[in-house]
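Count along the sequence shown from 1, then add 11; that gives the number in this note's numbering.
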Amino acid sequence: MAPMNWSVIHPELWLLLAACFVLLADLFVTDPARRPTFWMTQVAVGVFAALHLASYAGGGTAYGMQGMVVTDPMGHLLAFFAAVAVMITVAYARPTLGSREMLKGEFFTLTLFVLLGVSVMCSANHFLVVYLGLELMSLSLYALTALRRDHAVSTEAAMKYFVLGALASGFLLYGLSMMYGATGTLEIPKVFEQIATGRINREVLVFGIVFVVAGLGFKLGAVPFHMWVPDVYQGAPTAVTLLIGSAPKFAAFAITIRLLVEGMLGLAVDWQQMFIVMGVASLVLGNVAAIAQTNLKRMLAYSTIAQIGFVVVGLSAGVVSGNTLSAANAYSSAMFYLVAYVLTTLGTFGLIMHLSREGFESEQIEDLAGLSRRSPWLAGVMTVFMFSLAGVPPMIGFFAKLSVIQALVTTNVTGYIVLAVLAVLFSLVGAFYYLRVVKVMWFDEPAQDAPILRSQGVTALLAANGAAVLLFGLFSGGLMAMCRDAIQKSLGS
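Written as structure tokens, this is what we have:
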């Protein structure tokens, strides 16, 4: 029997202990601003991020918990990015939640458990560990969505999220049970080995993979499993919307790579076709539906569907004509795109929260009218984020789109080149609604003259966030190389 090797999960053990400590310590916090809880949370996540970054720098691959857990560069890097996203989310959220009497210990504790679920999924090497991490993350997010218990729209969003999430989890679990039935193992590498033998029932495997892809599509928010995204993004408190739109995306990417690439690469010809359909449908529906939106959060929800379309399209180009020569390029470009998207999303929702105040949520596009006259600096930062999402150079979003398109074109397959052309065309459609926000901020008459409440910490963070979107665009080579290195080492181990 393989050894337990507890040391491979030391970041997760640290985070579990820290989450339990924060949960108990918060009971004795009397400060209504929850400063001690906030700083304990930030320190816990900061240490967790440092542990993963140190392990990533080590570069090795290790197995633990009797082969149920794997720690490799890809898992470490994704967990590190998720931890940074959570730290930024909590920092943006604190002033907004405080002004609405939602700044309670539950927000911090549940956020830590979301991150723990994300990390478990990033290091899963076994079907049961995948499901354990997924449920830990999902149940915490359902509770956070209903944080405003007296708010009908939030409660409705939480119910929709819970019901559809339970359905998607059922799909995934049923698909994994079919894979187990066909291969006789729950360990992801052994599933790969069994498929490679060619002596198993292909019909059962393909039937199972349809359900697995459906479950993954829901977690990614891709069409036709996107129904929850607009309602949950609009209905949840903005702080929770930001959390849903950031760290969990890394977890969804991680289990997609673990299950479909590391476990079921032998069936790539089947699941890549499904990914192409999902990707194109997401690009079409996300970009077209976003044009009709007047609610900013709902527009950004459809924008998210379109952005995920790019990631899914990138993932569909890993195996071409039966060879995996373009796998590292395709998967690393999809990973880089996801990092660029999350970095920009953090700033966008952070700025929406910064502009809101008690009794006013700043959720309509018209609420940004004339922002350049009230605060040229904030309008400039929001313009940077909108340009990045639209793919305007030299923002990071442009290079992210370019990397995915380059991965498609370099396959030299007509179908993928057509896919790249479609992606470019629908990016042009998407540019309309991003530029509309810029036009409203700079050229429309101010809808209100209420002063913008300043929070020095959030202002500095927005400046850093905007600078990161610009600088990582100008110097994108380092981040791209990290993603490629992590994917190559993980696939090669």
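Backbone N, C-alpha and C define an ideal beta-carbon position, used for all residues, glycine too.
Which of helix, strand or coil DSSP assigns to residue i
| i | result |
| --- | --- |
| residue 403 | coil |
| residue 385 | helix |
| residue 334 | strand |
| residue 358 | helix |
| residue 459 | coil |
| residue 4 | Summary: the structure shown does not reach residue 4, with the chain confined to residues 12 through 504, and so no result is reported for it. |
| residue 375 | strand |
| residue 111 | coil |
| residue 306 | strand |
| residue 12 | In this prediction, residue 12 has a pLDDT of 42, which is less than 50 and means its spatial position is unreliable; what the coordinates show is noted afterwards. In the structure shown, residue 12 sits in coil (DSSP, three-state: anything other than H, G, I, E or B). |
Pairwise C-alpha distance: residue j and residue i
| i | j | result |
| --- | --- | --- |
| residue 181 | residue 219 | 12 angstroms |
| residue 502 | residue 227 | 20 angstroms |
| residue 380 | residue 141 | 45 angstroms |
| residue 373 | residue 43 | 24 angstroms |
| residue 161 | residue 391 | 35 angstroms |
| residue 51 | residue 195 | 44 angstroms |
| residue 201 | residue 407 | 38 angstroms |
| residue 40 | residue 46 | 9 angstroms |
| residue 148 | residue 91 | 16 angstroms |
| residue 272 | residue 282 | 10 angstroms |
| residue 33 | residue 151 | 15 angstroms |
| residue 384 | residue 358 | 20 angstroms |
| residue 322 | residue 100 | 22 angstroms |
| residue 172 | residue 155 | 11 angstroms |
| residue 63 | residue 212 | 39 angstroms |
| residue 89 | residue 482 | 20 angstroms |
| residue 348 | residue 86 | 17 angstroms |
| residue 320 | residue 405 | 22 angstroms |
| residue 204 | residue 244 | 40 angstroms |
| residue 163 | residue 116 | 22 angstroms |
| residue 425 | residue 498 | 26 angstroms |
| residue 217 | residue 264 | 21 angstroms |
| residue 223 | residue 214 | 14 angstroms |
| residue 416 | residue 410 | 10 angstroms |
| residue 500 | residue 492 | 12 angstroms |
| residue 419 | residue 110 | 47 angstroms |
| residue 324 | residue 285 | 10 angstroms |
| residue 17 | residue 453 | 55 angstroms |
| residue 179 | residue 413 | 32 angstroms |
| residue 489 | residue 346 | 14 angstroms |
| residue 125 | residue 76 | 21 angstroms |
| residue 24 | residue 256 | 25 angstroms |
| residue 394 | residue 307 | 14 angstroms |
| residue 231 | residue 463 | 34 angstroms |
Expected contact under 8 angstroms - CB spacing of residue i and residue j to nearest Å
| i | j | result |
| --- | --- | --- |
| residue 78 | residue 136 | 6 angstroms |
| residue 113 | residue 158 | 6 angstroms |
| residue 37 | residue 119 | 7 angstroms |
| residue 469 | residue 235 | About 37 angstroms separates the two Cβ atoms, so there is no contact after all. |
| residue 422 | residue 331 | 5 angstroms |
| residue 97 | residue 258 | 5 angstroms |
| residue 233 | residue 129 | The Cβ separation is near 18 angstroms, so there is no contact. |
| residue 239 | residue 175 | 5 angstroms |
Three CB pairs or more closer than 8 angstroms across the segment 418 to 438 and the segment 358 to 365 = no
Meets three-Cβ-pair contact criterion under 8 angstroms: the segment 340 to 354 and the segment 242 to 250 | no
Going along the chain, which unbroken runs of the alpha helix (DSSP H) with 4 or more residues stay wholly within the segment 245 to 272?
-> 249 to 255 and 258 to 267
Any chance you could list the alpha helix (DSSP H) runs of at least 4 consecutive residues sitting entirely within the segment 159 to 218, in chain order?
-> 163 to 194 and 199 to 208
Say whether the segment 346 to 357 touches the segment 285 to 298, bearing in mind that this needs 3 or more beta-carbon pairs closer than 8 angstroms, one atom from each stretch.
-> no
Contact the segment 474 to 490 vs the segment 321 to 340: 3+ CB pairs below 8 angstroms | no
With a floor of 4 residues, list each alpha helix (DSSP H) that falls wholly inside the segment 14 to 84, ordered by position along the chain.
-> 21 to 36 and 46 to 69
Please determine if the segment 55 to 72 and the segment 24 to 42 are in contact, where contact requires at least 3 C-beta pairs separated by less than 8 angstroms.
-> yes
contact_flag[the segment 313 to 331, the segment 450 to 459] where n(CB pairs < 8 angstroms) is 3 or more = no
Are there three or more Cβ pairs, one per stretch, closer than 8 angstroms when the segment 443 to 451 is compared with the segment 393 to 401?
-> yes
Write down every uninterrupted run of the beta strand (DSSP E) in the segment 420 to 483 whose length is 3 residues or greater and which is fully enclosed by it, in chain order.
-> none
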